[in-house]
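K.L.:
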Amino acid sequence: MSAVKGSNWTVKVREKAVGALPPDKLLPDGVPTYVSSWIYVFGVLSIAALVVIIGSGTILALKGPGWWHFTGIGRFFNSIHMWSVEIFFFVMVVHLWGKFWMAAWRGGRTRIWVTGAITFLVAVPCALTGYVSQQNFDAQWISTQAKDAMNAVGLGSFFNLTNFGQMYSWHIYLLPMAVVALVGVHVLLVRKHGVVPPFELPTDKSTAPATTGQATAREAAEIPPAEIKTSSTEGAQS
Amino acid sequence: MAAIFNLNHPAHTVHWHFFTMSVSNLIVIILMLVVFALAIAIPFPRHGGAEGGTSS
Amino acid sequence: MSRESRKLARKRENDYARDWKGPYRSYDLIKEATIAIGVVIGIVLVLTILFSSPDDKPSTVQQWSRATPVDFVTTAVSELDGSSGIATYGPPYNHNSDGQHISFIRPQKWFGVDHPIDTAQDYVITPLRQINGEPLTQAAVSVYEAAPAKLQTAWTDAYTKALANATPAAGGSALAIKPGNYGPVPVMMNALLRYAQGGGLDGALVNNKQFYQTDYTKPLLFMADGGVLSDRAQAQHLLGEQWGMMNETGSFPGQTWLWLYTFWYQIKPFTTSWADNADIAVMAVMGVLSLAFILVPVLPGIRDIPRKIPLYKLIWRDWYGSSPEPPKAGA
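Chains as they are written, first to last, in our numbering: chain A, -2 to 235; chain B, 4 to 59; chain C, -5 to 325.
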């Protein structure tokens, strides 16, 4: 078996995956000590909102698109779905604001920003297809208005907002799959690269970002890791 | 299943120059700004086993 | 700072941020995610119990024709004579216009007619031909179809003018207009009105090539050409000029994230010199801004804002306060 290991695709994929994301990096039990602000919870809140959207959407899909108009329990789950969408965009945008002001793309994390931005831009039409799938007046109005934007850029031939069957399919399957896939890649990239560290503060003018490549005072100090202050009694580290 | 507050009436709107927004949308946007400010301003608990930190 | 030194500074900044070798604290990822889901479920449950969700019933062609028969017939005549919004729309419904464009870029035209709608046939002639047991109606349609185009136009123009003063008659199932030379048009329109008020037109307008239907394009566009949807929309602050794109029916929050998208529709030149091509213009602007949003990390100036306006000092104040000499990070 070892003779053909080099050409085994499964082994190659496994080694690459485990190399990029070993178990303790995929599911860490430690986080850098600079992660100490409530702004950091908005990423996981976005995922939580997405879970509630998909859960409530699944229940709505179980009974079909007309159910929630005629039963109290159906309207209840429709309300859960609607409010979780509002919460999703709310927390996702606060998360985005936080990441912008942290310049969270630093240190090779450009793809994390890019996948996050694309997730937002895909979530918007995902919501739109939901709004036009409601089979009520709101759906009638939104579809007949928004069709002009689609038609003007030539998308109307492929993406007909007034075709309920098509829009429902995009809403309950195609676009949520895209959002989930993007969020998955986004989160795995965060696991791989870690949470972006704070900006390096210049200690004085002579240690301002190097213009000549000379070592800064901090680099010269060479503080060994063992002397670094930790706030964890367990000192857990991923 | 009736709601406690009935929102099924035309929205109140806020007008400012050419800018028009429903009160409910304005509340959402203001709330977002307030929550963002609070998230940065409110101190974060600093003990070793604390939940609440995240890697995002 | 020179360009070279800025580049070096950015490289140093990226090298510093690449790989953290400093201190960690304990953290429970699964517990945190579970708590987050619980928190969201809690908030959503509270909002659901307090406010529920909107569900304004849809309009139907039947309701439209009963509530405002003059508006219904006026719209139907415009579909018959090819002057309606959809009749003159262009692709993807027909070739009666080239559609919107920016300079020589005409995607609406280029992608062609994918959902053909012949408004005269689809909204008037074909439904009337489906009516059984009304020989006078069938005769009227035959007379209309056999007439030369100029005569058809003369009839529909005269009838449209007369509709301005039309009133419902026969219990609302017909329109009374002043006498004039309208040809078979009044008989056709009154028959269509009765058909609509009986509920038959709603079903007839849904794509009728097969038994199972999910495409509501035809009845929706017919209603959109009239006033039934826009009247309701105006009452609910959903019109474009009311920033309606962001709004929801009732007093519920809507799609607040569309604020920038609807913003352009409110200002010049989108409301003036670009009005005929406002949709493609706004989509182009939003396309560019969306691309810029995705590419923030590589856009000079934009990517420097967080460093220049140091909100990060507030975000990371705990860290800066506790570790004046952070370790040198880097691979």
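Heads up, the beta-carbon is just placed ideally off N, CA and C, and yes, glycines get one too.
1. Tell whether a beta-carbon distance below 7 Å holds between residue 137 of chain C and residue 180 of chain C.
2. For chain C, is any of its Cβ atoms less than 7 Å away from the one on residue 43 of chain B?
3. Taking the alpha carbon of residue 72 of chain A as the point to measure from, which residue in A:38, A:182 and A:56 has its own alpha carbon closest?
4. Since residue 14 of chain C sits in a beta bridge, which residues does DSSP pair it with?
5. Candidates C:292, C:186, C:110 and C:97: which alpha carbon is nearest residue 85 of chain C's?
6. For residue 268 of chain C and chain B, any beta-carbon pair shorter than 7 Å?
7. Report the residues of the stretch 24 to 42 of chain B with a CB closer than 8 Å to any CB of chain A, ordered along the chain.
8. Going along chain A, which residues have a C-beta under 7 Å from residue 47 of chain B?
9. Whose C-alpha, out of A:116, A:58, A:22 and A:21, is nearest the C-alpha of residue 287 of chain C?
10. Within a Cβ cutoff of 6 Å, which residues of the same chain sit near residue 123 of chain C, ignoring the five residues on either side of it in sequence?
11. Here's the rule I'm using: 16 or more other beta-carbon atoms within 10 Å means buried, otherwise exposed. How should residue 191 of chain C be labelled?
12. Spatial neighbours of residue 249 of chain C within its chain, please: CB distance less than 6 Å, with the 5 preceding and 5 following residues excluded, ordered by chain position.
13. If you reduce the DSSP assignment to three classes, tell me which class residue 69 of chain C lands in.
14. Is residue 130 of chain A closer than 7 Å to residue 78 of chain A when the C-beta atoms are compared?
15. So which of A:48, A:100, A:93 and A:133 has the shortest CA-CA distance to residue 52 of chain C?
16. Apply the 10 Å Cβ neighbour rule to residue 27 of chain A and answer buried if 16 or more other Cβ atoms are within range, or exposed otherwise.
17. So, helix, strand or coil for residue 19 of chain B, using DSSP?
18. Kindly confirm or deny that the stretch 149 to 162 of chain A and the stretch 104 to 121 of chain A touch, where touching means at least three C-beta pairs closer than 8 Å.
19. So what does residue 170 of chain C bridge to, in DSSP terms?
20. Going along chain A, which residues have a C-beta under 7 Å from residue 86 of chain C?
21. Count the other CB atoms within 10 Å of the CB of residue 12 of chain B; is the residue buried (16 or more) or exposed (fewer)?
22. In the DSSP assignment, what are the bridge partners of residue 99 of chain C?
23. Let me know the secondary structure DSSP gives residue 311 of chain C once reduced to three states.
24. Taking Cβ-Cβ distances below 9 Å as the criterion, which residues of the stretch 103 to 133 of chain C are in contact with chain A?
25. For a test of your reading of the model: does the CB of residue 11 of chain B fall under 6 Å from any non-hydrogen atom of the ligand NAP? Yes or no.
26. To the nearest angstrom, how far is the alpha carbon of residue 213 of chain A from that of residue 293 of chain C?
27. Roughly how many angstroms lie between the CA atoms of residue 62 of chain C and residue 144 of chain C, to the nearest whole one?
28. Could you confirm whether any beta carbon from chain B is found closer than 7 Å to the beta carbon of residue 239 of chain C?
29. Of the residues C:12, C:3, C:39 and C:22, which one's Cα is nearest the Cα of residue 6 of chain B?
30. Tell me, please, which residues DSSP counts as bridged to residue 19 of chain C.
31. Just to confirm the assignment, what range does the alpha helix (DSSP H) spanning residue 51 of chain C have?
32. Does the beta carbon of residue 304 of chain C come closer than 7 Å to any beta carbon on chain B?
33. Do you know whose CA, among C:23, C:42, C:46 and C:139, lies nearest residue 42 of chain A's CA?
34. When the cut-off is 7 Å and only beta carbons count, does residue 287 of chain C lie next to chain A?
35. Residue range of the alpha helix (DSSP H) that residue 264 of chain C falls in?
36. Would you give the residue range spanned by the alpha helix (DSSP H) that residue 191 of chain A belongs to?
P.N.:
Taking the structure as given:
1. Here residue 137 of chain C refers to the residue found at position 143 of the third sequence. Here residue 180 of chain C refers to the residue found at position 186 of the third sequence. No. Outside cutoff.
2. Counting from one through the second sequence, the residue named residue 43 of chain B turns up at place 40. With its beta carbon less than 7 Å from one in chain C, residue 43 of chain B belongs to the interface.
3. Within the first sequence, residue 72 of chain A is the residue found at index 75, counting from 1. Between residue 72 of chain A and the set A:38, A:182 and A:56, the nearest pair of CA atoms involves A:56.
4. For the purposes of this step, residue 14 of chain C is taken as the residue at position 20 of the third sequence. According to the DSSP secondary-structure assignment, residue 14 of chain C is paired through a beta bridge with no residue.
5. Residue mapping note: residue 85 of chain C aligns to position 91 of the third sequence, counting from 1. Nearest option by C-alpha distance: C:110.
6. Looking up residue 268 of chain C in the third sequence gives position 274. Output row for residue 268 of chain C: interface = no.
7. Of all residues in the stretch 24 to 42 of chain B, those with a C-beta nearer than 8 Å to a C-beta of chain A are 31, 34, 35, 38, 39, 41 and 42, reading in chain order.
8. Translated into the one-based positions of the second sequence, residue 47 of chain B becomes position 44. By Cβ distance, chain A contributes 33, 34 and 35.
9. One-based indexing of the third sequence puts residue 287 of chain C at position 293. Of the candidates A:116, A:58, A:22 and A:21, A:116 places its Cα closest to the Cα of residue 287 of chain C.
10. For the purposes of this step, residue 123 of chain C is taken as residue 129 along the third sequence, with counting starting at 1. Taking C-beta separations shorter than 6 Å and ignoring five residues to either side along the sequence, residue 123 of chain C has no partners in its chain.
11. To locate residue 191 of chain C, count along the third sequence from 1; it is residue 197. The residue in question, residue 191 of chain C, is buried, as its Cβ has 16 or more Cβ neighbours within 10 Å.
12. Here residue 249 of chain C corresponds to residue number 255 of the third sequence, with the count starting at 1. Taking residue 249 of chain C as the centre and dropping the five residues before and after it, the same chain places the C-beta of 240 closer than 6 Å to its C-beta, in chain order.
13. Position 75 of the third sequence, counted from the start, is the residue given in the question as residue 69 of chain C. If DSSP states are grouped into helix, strand and coil, residue 69 of chain C belongs with the helices.
14. Residue 78 of chain A sits at position 81 when you count from the first residue of the first sequence. Residue 130 of chain A sits at position 133 when you count from the first residue of the first sequence. In this structure, residue 78 of chain A lies away from residue 130 of chain A, with their beta-carbon atoms at least 7 Å apart.
15. Walking along the third sequence from the start, residue 52 of chain C turns up at place 58. Minimum Cα distance to residue 52 of chain C is reached at A:133.
16. Locating residue 27 of chain A in the first sequence gives position 30, where the first residue counts as 1. By the neighbour-count rule (16 or more Cβ atoms within 10 Å), residue 27 of chain A is buried.
17. Position 16 of the second sequence, counted from the start, is the residue given in the question as residue 19 of chain B. The DSSP-derived three-state label of residue 19 of chain B is strand.
18. Contact between the stretch 149 to 162 of chain A and the stretch 104 to 121 of chain A is absent, with fewer than three C-beta pairs closer than 8 Å.
19. Taking the third sequence and counting its residues from 1, the one referred to as residue 170 of chain C is at position 176. For residue 170 of chain C, which the question treats as bridged, DSSP gives the partners C:161.
20. Indexing the third sequence from 1 puts residue 86 of chain C at position 92. Under the 7 Å cutoff, chain A gives 148, 153 and 154.
21. Residue 12 of chain B sits at position 9 when you count from the first residue of the second sequence. Classification for residue 12 of chain B: exposed.
22. The residue labelled residue 99 of chain C in the question sits at position 105 within the third sequence. Paired residue(s): C:96.
23. As a working mapping, residue 311 of chain C is identified with position 317 in the third sequence. Here residue 311 of chain C sits in helix by DSSP.
24. Within the stretch 103 to 133 of chain C, the residues whose Cβ lies closer than 9 Å to some Cβ of chain A are 103, 104, 105, 106, 107, 108 and 109, listed in chain order.
25. Absence of the ligand NAP is noted for the structure shown, with no ligands found whatsoever.
26. To locate residue 213 of chain A, count along the first sequence from 1; it is residue 216. To locate residue 293 of chain C, count along the third sequence from 1; it is residue 299. Reliability of the predicted coordinates at residue 213 of chain A is poor, the pLDDT of 39 falling under 50, and the value obtained from them is presented with this limitation in mind. Rounded to the nearest angstrom, the two C-alpha atoms are 28 Å apart.
27. Stepping through the third sequence from its first residue, residue 62 of chain C is reached at position 68. Stepping through the third sequence from its first residue, residue 144 of chain C is reached at position 150. Each residue's CA atom was taken as its position, placing residue 62 of chain C and residue 144 of chain C some 30 Å apart.
28. For this step, residue 239 of chain C is matched to residue 245 along the third sequence. It does not: the Cβ of residue 239 of chain C has no partner Cβ on chain B nearer than 7 Å.
29. For the purposes of this step, residue 6 of chain B is taken as residue 3 along the second sequence, with counting starting at 1. Per the Cα distances, C:39.
30. Indexing the third sequence from 1 puts residue 19 of chain C at position 25. Per DSSP, A:28.
31. Numbered from its first residue, the third sequence carries residue 51 of chain C at position 57. Annotation for residue 51 of chain C: no alpha helix (DSSP H) segment contains it, and DSSP assigns it neither H nor E.
32. The residue you call residue 304 of chain C lines up with position 310 of the third sequence. So no, residue 304 of chain C is outside the interface.
33. For the purposes of this step, residue 42 of chain A is taken as the residue at position 45 of the first sequence. Distance check between residue 42 of chain A and each of C:23, C:42, C:46 and C:139 places C:23 closest, using alpha-carbon atoms only.
34. Along the third sequence, one-based indexing puts residue 287 of chain C at 293. Judged by the 7 Å Cβ criterion, residue 287 of chain C is in contact with chain A.
35. Working through the third sequence from its first residue, we reach residue 264 of chain C at position 270. It is not in any alpha helix (DSSP H) - residue 264 of chain C carries neither H nor E in the DSSP assignment.
36. Here the question's residue 191 of chain A lines up with position 194 in the first sequence. It is not in any alpha helix (DSSP H) - residue 191 of chain A carries neither H nor E in the DSSP assignment.
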